[in-house]
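*Asks:* Mind the numbering: the first sequence is residues 1 to 578 in our numbering, read in order.
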Amino acid sequence: MSSSIEQTLNQKLEKIFQRLKLDTKFAFVKNSDRPDLSDFQCNGALALAKPLHKNPREIAGNIAALLEQDTDIAAVSVDGPGFINISLDNGFIARIAGSLAGDERFGCKKVEKPHKIVMDFGGPNVAKALHVGHLRSAVIGESIRRIETFVGNTVISDVHFGDWGTPMGMIIAEIIRQDGSLDKVETYDVGAISAFYKQANARCKEDEAAKETARQITADLQNGNPEYRKAWKYLRDVSVADVKKIYAELGAHFDLWLGESDAHAACGEVIELAKDKGVSEVDDGATIIRLPETNKPMPPVILVKSDGGVGYQVTDIATIKMRVNDLKAEEIIYVVDKRQTLHFEQVFQVVQMLGIAPDVKLSHIGFGTVNGADGKPFKTRDGGVMNLADLINLSKEKVRQSMPKPGEVEGYGEPEIEKLVSEIAFGAIKFQDLKNNIGSGYVFELDDFAKFDGKTGPYIQYAIARINSILRKAQAQNLTEGDVIIENADERNLALKLMQFENVVFRAHEEKEPSIIADYAYTLAQNFSNFYNTCPIMTADEVQISASRLKLARLVRDVLKQLLYLLGIEAPEVMLKA
RNA sequence: GCGCUCUUAGCUCAGCCGGAUAGAGCAACAGCCUUCUAAGCUGUGGGUCGGGCGUUCGAAUCGCCCAGAGCGCGCCA
């Protein structure tokens, strides 16, 4: 088990701090802000100077003097007000790089206490086509799912279908209005159901009576009306089957395909529990829980609506109860639009009041909206919401245009080309989504999908494809990997960058922030491109150098593939250009 | 009205539990393909970090005030 470079350096520093009787709290390094001066730096002397009433340069000098004796360290200097600059010995870097190359986790540890996490993302609705808003939840959620699994936690993902709210009553009402009954329901496909929903939605916006009818049907459905239940089950099944296809194509994995409706029984328990605890009250015909207001407005949670139906606040609370009781969740993570922040604050508060999930960590990871070039939520030219399937097709078409036609390249017929098109198009879409902080929204530039230059998914995929090409050639020429030798700046930078893998993965894990992985994957690919341009592998002057570079290149390829996997992005074997 | 989030290069964004010269990508300009895939590489220009005050040896980063933008605020989800 190889420990990370930073841990190793921190241990060295801790010993020195102890010898000098300094607080080891400050005995840690970070990647140097001045790569021209050093590989790592320690700012501990600056932080210690004030409490000790000593000159920071003097403290730094004492630390540096001891650090200098370490043969793993090539140079130590004290600069500026008291920064300790540390440069590593090339042999030390080579040794660590070599050990990473032989480790399938590239030096990344696992969490000390693995626990069970239930993740809630996706959030599709019955009868509604997925749109770009669903893209983020699926892409971010899947990435976090993979990161958490990689660091050793057990993750159960649940799509949490929206199948129990007023839209159910709306669509049933609309079918009855048009057909006179529900007899023909089971002849409708997803397109027809979706059309009913659109009409129902338009009608309920205009007509208060239609809305009231929909609400009543929803309540009756929830309370067990057999005719409504039968129709509802069909509508739900059709929608689930449809949505499963697109999630499969997106590469989002769900262990459970439960929905709001599955929490219905538990809703009753929650309502009873609230009554028993004396925290609920009846107001305007609805059963509610009032929440303490501090300095911010905190609307009450509605347990039972005045029409007798349940809303999404209770189903969410009841779902938490189930996840804790049945799934034994120790942590629950929601990947849902940032605009739901207040809702989750309310839900989490009620859960605490009712003691439903003691010692369970509940968190909402809110993401920003996908915007168009005008900064407003992304819309199609005619003003409608962009359908996810359409978006994927547009992106694929752009990729297809940049590639050879099937049959033009030997061994690449229609299926092979289409596989590459899909991998690259999704690489572009997902990386675009994951490269920025997930809390902030981002501008979705459809036109940019034609380029794939710079900080994009295809850039990283391209680096991998080039390495694959080299590995094929090496195999054909019987060139094998050898010990890592560091003899120039580009090899050195690349090896140092590889050593950040564990640190990066753990930061992404702790902050639930895939963009940290995305950013690192990009800079690693960039370092490789530099290396690629200045360090010939197959034609290096000496065989040992070739063998070393081959090992480095293969390691970079494996690390990049792992990073892309953590982002939910495929790594194509080759990249073909028209 | 109350609350939350945000304001960094022409554009899109990193950096934010205080540290050295604020970084990328795109766009612009100038170079690099008889040599492992040019979806690449190198170089140039481009900044009052929204404004002000404060804390500090040191502030894009912490606190307060102001301005502007987005979002949310009981029976939709």
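C-beta: ideal position from N, C-alpha, C; glycine also.
With 16 as the cutoff for other CB atoms within 10 Å, does P167 come out buried or exposed?
*Replies:* buried
*Asks:* Of the choices L13, S194, P406 and V185, whose alpha-carbon is the least far from that of N387?
*Replies:* Nearest option by C-alpha distance: S194.
*Asks:* Assuming Q69 is part of the beta strand (DSSP E), what are its boundary residues?
*Replies:* Segment: none, Q69 is in no beta strand (DSSP E) and carries neither H nor E.
*Asks:* Is it buried or exposed, R557, if we count other Cβ atoms within 10 angstroms and call 16 or more buried?
*Replies:* buried
*Asks:* Let me know the secondary structure DSSP gives I363 once reduced to three states.
*Replies:* The amino acid at residue 363 is misidentified as Ile; the sequence shows Ser. S363 falls in the strand class under three-state DSSP.
*Asks:* Ignoring anything shorter than 4 residues, give me the alpha helix (DSSP H) runs that lie fully in the region 482 to 568, in order along the chain.
*Replies:* 489 to 498, 501 to 511, 514 to 534 and 543 to 567
*Asks:* So, for F26: in the same chain, excluding its five sequence neighbours on each side, which residues have a beta-carbon less than 7 Å away from its beta-carbon?
*Replies:* G44, A47 and L48
*Asks:* Which first and last residues belong to the beta strand (DSSP E) in which S280 is found?
*Replies:* S280 to D283
*Asks:* Taking the CB atoms as reference points, tell me whether K430 and V159 lie closer together than 8 Å.
*Replies:* Their beta carbons are not under 8 Å apart, which means K430 does not touch V159 by this criterion.
*Asks:* So the beta strand (DSSP E) K116 belongs to, where does it begin and stop?
*Replies:* Unbroken beta strand (DSSP E) run through K116: K116 to D120.
*Asks:* Mind checking who S137 pairs with in its DSSP beta bridge?
*Replies:* Note: S137 sits in no beta bridge, so no partner.
*Asks:* Which residues share a DSSP beta bridge with A286?
*Replies:* D283
*Asks:* Am I right that I5 and M499 are in contact with their C-beta atoms under 8 Å? What's the rounded C-beta distance?
*Replies:* 4 Å
*Asks:* Nearest to G169 by alpha carbon, out of I320, Y197 and P35?
*Replies:* Measuring from the Cα of G169, the nearest candidate turns out to be Y197.
*Asks:* What is the DSSP secondary structure of I356, counted as helix, strand or coil?
*Replies:* coil
*Asks:* What is the rounded straight-line gap between the Cα of I147 and the Cα of H509?
*Replies:* 6 Å
*Asks:* What separation, rounded to the nearest whole angstrom, lies between the Cα atoms of I63 and N90?
*Replies:* Going by C-alpha positions, I63 is about 22 Å away from N90.
*Asks:* Please work out which residues of its chain come closer than 8 Å, Cβ to Cβ, to C535, disregarding the five sequence neighbours upstream and downstream, and give them in chain order.
*Replies:* Within its own chain, the residues whose Cβ lies closer than 8 Å to the Cβ of C535, once the five positions on either side in sequence are excluded, are N488, D490, E491 and R549, listed in chain order.
*Asks:* Do you know offhand how far S2's Cα is from A495's?
*Replies:* Residue placement at S2 cannot be trusted, given a pLDDT of 46 that sits under 50; what the coordinates show is reported in the next sentence. Rounded to whole angstroms, S2 to A495 spans 15 Å at the Cα level.
*Asks:* With a threshold of 8 Å, are at least 3 pairs of Cβ atoms found where one atom belongs to the region 398 to 415 and the other to the region 332 to 352?
*Replies:* no
*Asks:* I'd like to check one pair, G308 with A389: are the Cβ atoms closer than 8 Å?
*Replies:* no
*Asks:* Using a Cβ distance threshold of 8 Å, determine whether the region 338 to 357 contacts the region 289 to 296, with at least three qualifying pairs required.
*Replies:* yes
*Asks:* Please name the residue or residues paired with E331 in a DSSP beta bridge.
*Replies:* I117 and K361
*Asks:* Leaving aside the five residues before and after D70 along the sequence, list all residues of the same chain whose C-beta is less than 8 Å from its C-beta, in chain order.
*Replies:* K12
*Asks:* Could you give the distance in angstroms between the alpha-carbon of E416 and the alpha-carbon of G441?
*Replies:* 35 Å
*Asks:* Since I believe I460 is in contact with A521 (beta carbons under 8 Å), could you give me their beta-carbon distance rounded to a whole number of angstroms?
*Replies:* 5 Å
*Asks:* Spatial neighbours of K211 within its chain, please: C-beta separation below 6 Å, excluding the five flanking residues on both sides.
*Replies:* If we look at K211 and ignore the five residues flanking it on each side, its Cβ neighbours are C204.
*Asks:* Please classify V351 as buried or exposed, where buried requires at least 16 other C-beta atoms within 10 Å of its C-beta.
*Replies:* Counting Cβ neighbours within 10 Å, V351 comes out buried, since at least 16 surround it.
*Asks:* Go ahead and label Q562 buried or exposed: buried means 16 or more other beta carbons lie within 10 angstroms of its beta carbon, across all protein chains shown.
*Replies:* buried
*Asks:* How many Å lie between D359 and K110 at the Cα?
*Replies:* 22 Å
*Asks:* On the DSSP letters alone, give me the boundaries of the beta strand (DSSP E) that V584 sits inside.
*Replies:* In the structure displayed, the chain extends from 1 to 578; residue 584 sits before or after that span and is not available.
*Asks:* Closest to D189 by C-alpha separation, out of D237, L524 and D326, would be which residue?
*Replies:* D237
*Asks:* Secondary structure at F348, three-state DSSP: helix, strand or coil?
*Replies:* Helix.
*Asks:* Let's see if you can read the secondary structure: which residues bound the beta strand (DSSP E) around Q41?
*Replies:* F40 to C42
*Asks:* Along the chain, where does the beta strand (DSSP E) that runs through L303 open and close?
*Replies:* Membership of L303 in the beta strand (DSSP E) is indicated by the continuous run V301 to V304.
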